[in-house]
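Residue numbers (the working numbering): 2 to 173.
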């Protein structure tokens with residue numbers, strides 16, 4: 002069996018396991034929580050509660066996302082991996098993705114970037130923020146727009162870029 006055939010089978014099984022009865026509202030909601038506005042709201046909330054870490058967290062997140070966006074875009078548009086619903090004629094996704102390529106998952110990259118920065122700067126939030134990031138990745142499989150390796154690559158890329166930004170900023 003070829004690697005892509007194996008991944009197609011894994012994707013079909015996993016997406017079926019993750020889908021709840023109904024229209025996928027929970028998966029949509031979790032996925033949307035990783036759309037980007039949440040990162041800004043979190044940063045503003047740190048300022049609102051007077052956290053002394055508000056400015057450093059915001060600066061590191063801005064640096065990390067400035068690194069992430071061009072690298073993510075270059076990978077996605079160079080590798081040009083088709084989304085599962087484009088490759089598998091019998092499969093119907095629950096949403097239409099904003100672009101046609103799947104590798105790596107941008108939502109998962111951003112979620113793990115955010116989770117890694119947050120966990121490094123605010124360790125008390127590490128467990129919930131990484132659970133949330135993992136749920137964002139799983140929601141993308143449940144919605145039918147990413148393969149498992151898209152999610153794993155996004156998690157690795159986001160985490161690595163977060164550590165790079167933390168290092169460049171002198172936070173670690």
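We treat Cβ as the ideally placed atom computed from N, Cα and C, and that holds for glycine.
_Counting C-beta neighbours from all protein chains within 10 Å, is the total for residue 56 16 or more, i.e. buried, or is it exposed?_
exposed
*Assign residue 148 to one of two classes, buried (16 or more other C-beta atoms within 10 Å of its C-beta) or exposed (fewer than that).*
buried
*Does DSSP classify residue 92 as helix, strand or coil?*
coil
*asked:* Comparing C-alpha positions only, which one of 168, 159, 173 and 143 sits nearest to residue 26?
replied: 143
*Compare the C-alpha of residue 133 against each of 156, 5, 104 and 17 and name the closest.*
156
_DSSP has residue 83 in a bridge; who is on the other side?_
102
_What does the alpha-carbon distance come out to for the pair residue 154 and residue 130?_
18 Å
*Run through DSSP, which three-state label would residue 20 get?*
coil
_Under 8 Å between C-beta atoms of residue 161 and residue 118_ = no
*Measure the beta-carbon distance from residue 151 to residue 104 and round it to whole angstroms, keeping in mind my assumption that it falls under 8 Å.*
5 Å
*Kindly indicate which three-state DSSP category residue 53 falls into: helix, strand or coil?*
coil
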